[in-house]
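A.B. asks:
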Amino acid sequence: MPSNSSVIKVRLPDESVRELPAGSTGIDLAQSIGKRLAQAAVATVVNGVETDLGVALADGAQVSIVTADSDAGRHVLRHSTAHVLAQAVVQLFEGAKFSIGPAIEDGFYYDFELPNNKTFSDADLVAITERMQQIVAADQPFVRSEMSADDALKVFSDQPYKCEIIQRVTKGDADSVDALEAGSADAVSVYRNSDSFVDLCRGPHVPSTSRLGHFALMKVAGAYWRGNEKGPMLQRIYGTAWESKSALAEHLHRLEEAEKRDHRRLAVEMDLLSFPQELGGGLAVWHPKGGIVRKLMEDYSRERHQNGGYKFVFTPHLANSHLFETSGHLQFYKDGMYPPMEMDNGTYYPKPMNCPMHCLIYRDRQRSYRELPLRLFELGTVYRYERAGTLHGLLRIRGFTQDDSHIFCTEEQMADEIASLLDFVLSVLRRFGFSDFDFKLSTRNPDKSVGSDEIWQKSTDALREALNRHGLQFTVAPGDAAFYGPKIDIDVRDAIGRKWQLSTIQCDFNLPERFGLEYIATDNSRKRPIMLHRALFGSIERFFGVLLEHYGGAFPTWLAPVQVRVLAVASAHEEYAAKVVQQLVEDGYRVDQLVADEQLGKRIRASKLERIPYVLVVGDDDVANSTVGVNPRGGDVRRDVPMNEFLQQLSADVGETRSVA
RNA sequence: GCCGGGGUAGCUCAGUGGCAGAGCAACCGCCUUGUAAGCGGUAGGUCGUGGGUUCAAUCCCCACCCUCGGCUCCA
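So in this note's numbering the end of the first sequence lands on 662, straight run, no missing numbers.
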């Protein structure tokens, strides 16, 4: 049905059709639907392509409006705010070069090069913010135009980074970042805000700068141009931007809350562990309270492994360099190892991983197929010389203990073994309060791998099948595998939604080869076993750090360093309090008592700050009736609770993993 | 490793080219307390380490160590 030339029809997401005068834009469409929508609109999606609001709509187009409070809308806001940042910097810093400025999660950044290797200071950020607000107030339009690469090179003649992007796009070797910046080779797109500021960009953008304004510049950081460590280092400014003042405020509040549960801060506050400067970077000592929690974690892990058919092994912290030559680690990862110790009978290295030693245990005698799968388990402490700038509390540390398992099995056993491993791993993680998992299957990188296509295929299929068998959603990361085989990585989401990579299950056919591992098969032939690497916590240290942040220091009762604290109202009740303590200790709980030489309120406050799960208060009534006052963490106070009733409550609490506080 | 910010009492932080400061915690005393900070007092420091400049350095300069935010890396 041919439409009237003065009218166009567009289809909306709900399949309804709207008629508009020819030449109407996304703005017109939004206005025709509603005033509020027009106010919230930042872009359109036309036939599946994100487009500026101001572009005339074609007859018959499928159109949806992108609003500022959607993920896509915030992305547009953030990208547009990055342009405003670039304009402000170029205006305030004579000779500044700007390179790329994408939207990222929660915000945006822009990379700059200042003349004479100058860097931005915090004071500069204040000035830049003010200038950005002026640009917002000036209501500058974002005007799109397309031009040839030659013309674009002229426009950006004084901007070497922009020229480099244009040239790469022209030559056809643009990566995804370049493409975002410049559009395509035949039509380089640019957005102009004013006579003096134009930026290379694919878009889309908000119609004008007045749509922005709820942003904050967060920090300055160095960043390599194109991520190349050998290339120039630029100055990156990070910012955050939102659709409203309140959304921005909420985000800043979330950051504050996250900072309060930073494991490094909690470790100090709660006297769990420390990083003495005298030890050297990235090396921790565990204090008694942290030690209790760690021991409980390890005990639980050992118990589960015991029940899971694992054999416990122990291996030394040092090994002769021959071992790591055989394994190939010295060849691939020497830079990440602590330096060698030259001894009169050879060269020794602190071990950066346990697998080669477990291979030696396997190889020590002839193995039969009847022994397989052979599951070796060790809490093995390893040392890796992580680069100085990468250390981060417990999450990136130089000396750590892996809950490391190596499973030797036949090719036929591999799929079942991986499937049951997944069950095992998830079951243990759930006990620690995690319930939200993301799975990633990392596949072969042909340029950085060893082994035959066939075995790679088999291993990858086995991992994939295990995930499918459990009905688990997973993403595939092509080329992210280790050099020796594919792997499944398991991320958990913590109480405030952040993702942490913890467990990993890896197939390895390289080390069995290198160590010449064999077993005698049913037909009396010698065969090579498959080796599965599996770390569940990853490292005890890292897992502990993640747990600390997950619970915000409020460990579930079964893990809490002190589970119950007993407070006498006054000195006269101290004797009864001590009896309560004694009974709880006899029942196997971790209990202490704070004597009444301070006000009760003050002692309760101190106990709450220590995040003790139960504070018991005992006074005259309790002495008379054998009761306690129960003040639970995160709950309401109950008076006159019979001791037996409290014991039942405590027992039930410790028996199950409590939800996070 | 690279760019930038830091390191002062147990903790959080202020401060100055000329005798080192606060709050909390600790310790002592008074108070004997019924559910998140009672009152008074005492003690506590090689101002990260080593050099240099200076009549004098915690402060200025250099190097190193540690740490924080990023980048790169992460078997």
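Where is the CB? At the ideal position from N, CA and C, for every residue including glycine. From a predicted model like this one, the values you see are computed outputs, not experimental measurements.
With DSSP as the reference, identify every bridge partner of D404, one or two as the case may be.
C.D. replies: Paired residue(s): L380.
A.B. asks: Short check: CB of Y386 to CB of G337, under 8 Å?
C.D. replies: Taking 8 Å as the Cβ cut-off, Y386 and G337 qualify as a contacting pair.
A.B. asks: Which residue's Cα is closest to the Cα of M644: G636, D622 and G635?
C.D. replies: D622
A.B. asks: Given K163, which residues of its chain have a CB within under 7 Å of its CB, disregarding the five upstream and five downstream residues?
C.D. replies: Result list for K163: F157 and L201, in chain order.
A.B. asks: So who's on the other strand from E147, going by DSSP bridges?
C.D. replies: E147 is bridged to S190.
A.B. asks: Put C410 into one of helix, strand or coil per three-state DSSP.
C.D. replies: strand
A.B. asks: Would you say the stretch 75 to 84 touches the stretch 117 to 129, given that touching needs at least three Cβ pairs under 8 Å?
C.D. replies: no
A.B. asks: Starting from P161, trace the beta strand (DSSP E) both ways and give me its first and last residue.
C.D. replies: Here P161 belongs to no beta strand (DSSP E); instead the alpha helix (DSSP H) covers P161 to K172.
A.B. asks: In whole angstroms, give me the CA-to-CA distance for R639 and T628.
C.D. replies: 11 Å
A.B. asks: Apart from the five residues on each side of it in sequence, which residues of its chain come closer than 8 Å, Cβ to Cβ, to L430?
C.D. replies: F438, I491, V493, L503, S504 and L537
A.B. asks: At what residues does the beta strand (DSSP E) containing T241 begin and finish?
C.D. replies: M234 to A242
A.B. asks: Output the distance between the C-alpha atoms of R12 and A62, rounded to the nearest integer angstrom.
C.D. replies: Taking the straight line from one Cα to the other gives about 6 Å.
A.B. asks: Going by DSSP, what residue range makes up the alpha helix (DSSP H) through V178?
C.D. replies: For V178, the enclosing alpha helix (DSSP H) has its first and last residue at S177 to A183.
A.B. asks: So which of D72, H264, A23 and G635 has the shortest CA-CA distance to A57?
C.D. replies: A23
A.B. asks: Tell me the DSSP secondary structure of R399 in three-state form.
C.D. replies: coil
A.B. asks: What residues in its chain sit with their C-beta under 6 Å from that of M354, if we drop five residues either side in the sequence?
C.D. replies: V383
A.B. asks: Could you please give the first and the last residue of the uninterrupted beta strand (DSSP E) stretch that includes I129?
C.D. replies: Element bounds for I129: not the beta strand (DSSP E) but the alpha helix (DSSP H), D123 to A138.
A.B. asks: Could you say which of L181, A186, P142 and M133 lies nearest to D152 if we only look at CA atoms?
C.D. replies: A186
A.B. asks: In the DSSP assignment, find the unbroken alpha helix (DSSP H) run with L13 in it and report its ends.
C.D. replies: Where L13 is concerned, there is no enclosing alpha helix (DSSP H), given that its DSSP letter is neither H nor E.
A.B. asks: Short check: CB of A42 to CB of V67, under 8 Å?
C.D. replies: yes
A.B. asks: Which runs of the beta strand (DSSP E) fall wholly inside the stretch 46 to 108 and span at least 3 residues, in chain order?
C.D. replies: Counting only runs of 3 or more, we get 50 to 52 and 64 to 68.
A.B. asks: Answer yes or no: do H288 and L267 have a C-beta to C-beta separation smaller than 8 Å?
C.D. replies: no
A.B. asks: Would you mind stating whether R193 and S146 have Cβ atoms separated by less than 8 Å?
C.D. replies: yes
A.B. asks: With a cut-off of 8 Å on the beta carbons, I'd call Q141 and T210 a contact; round off their distance for me.
C.D. replies: 5 Å
A.B. asks: What's the C-alpha gap between H318 and L512?
C.D. replies: 20 Å
A.B. asks: Relative to the alpha-carbon of R376, which residue among T461, L533, L249 and M271 has its alpha-carbon at the smallest distance?
C.D. replies: Closest option to R376, judged by alpha-carbon separation, among T461, L533, L249 and M271: L533.
A.B. asks: Thinking just about the alpha-carbon of each residue, which of L395, G283, I101 and I541 is nearest to the one in D176?
C.D. replies: I101
A.B. asks: Can you tell which of K488, E646 and C410 has its C-alpha closest to the C-alpha of P530?
C.D. replies: From the listed residues K488, E646 and C410, the smallest Cα separation to P530 is found for C410.
A.B. asks: For the structure I just gave you, are there three or more beta carbon pairs, one from the stretch 236 to 253 and one from the stretch 211 to 223, closer than 8 Å?
C.D. replies: yes
A.B. asks: Which term fits I497, buried or exposed, when burial requires 16 or more other beta carbons within 10 angstroms of its beta carbon?
C.D. replies: exposed
A.B. asks: Anyone know if the C-beta pair for I506 and K441 falls short of 8 Å?
C.D. replies: The answer is no: Cβ separation not under 8 Å.
A.B. asks: Measuring straight from C-alpha to C-alpha, what distance separates A463 and K528?
C.D. replies: 19 Å
A.B. asks: By the three-class DSSP mapping on this structure, what secondary structure does G337 have?
C.D. replies: helix
A.B. asks: Please classify T52 as buried or exposed, where buried requires at least 16 neighbouring CB atoms within 10 angstroms.
C.D. replies: buried
A.B. asks: Can you look up Y1 in the DSSP assignment and give me helix, strand or coil?
C.D. replies: Absent from the structure is residue 1, since the part of the chain shown begins at 2 and ends at 662.
A.B. asks: For L297, which residues in the same chain have their Cβ closer than 6 Å to its Cβ, ignoring the five residues on either side in sequence?
C.D. replies: L560
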